[in-house]
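Asks: Heads up: the sequence shown begins at 2 in our numbering, then just goes up one per residue. This structure is in structure tokens; I'll ask about it shortly.
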Amino acid sequence: MSDLLITIIRTKRMKFNENMRKKLLTHSNSLYCKTESEVMKMQKNTKQTSKRVASKASKVMRDGRYSKTSKSVAGSALAQTKKSGK
């Protein structure tokens, strides 16, 4: 259902019926607004990559011997890492 909601948000062409609005407003893991002209739903990032995995992913990104797919997976892992306090 989240892919559908993201598509709806991006296009902003669909009229929201009352049932759909209730589903969006009662979603427990979301930030939401109350009007169609605003963004209706933004998913919170609850997944966090561990320090150990992030370190290995960083090494993969810097090493030229790894494939494009490996670097894509490593980039996804790094995108879910907590920001350092620097």
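Note that beta-carbon positions come from the ideal geometry of N, C-alpha and C, so glycine has one too. Every value quoted in this text rests on a predicted model; they were computed, and no experiment measured them.
Roughly how many angstroms lie between the CA atoms of S51 and T82, to the nearest whole one?
Replies: Their Cα atoms are separated by approximately 7 Å.
Asks: From the DSSP output, read off the bridge partner residues of T82.
Replies: T50, per the DSSP bridge assignment.
Asks: Excluding sequence positions up to five away, which residues of its chain have a Cβ less than 8 Å from the Cβ of S71?
Replies: Here the set comprises V61.
Asks: Can you list, in chain order, the residues of its chain with a C-beta nearer than 7 Å to that of V54? Leave out the 5 residues immediately preceding and following it.
Replies: Contacts found: A78.
Asks: Tell me the rounded alpha-carbon separation between V74 and T47.
Replies: Their Cα atoms are separated by approximately 18 Å.
Asks: If you draw a straight line from the C-alpha of G76 to the C-alpha of A58, how long is it?
Replies: If I take the Cα positions, the gap works out to 7 Å.
Asks: To the nearest angstrom, how far is the alpha carbon of K69 from that of R63?
Replies: When rounded, the distance between both Cα atoms is 12 Å.
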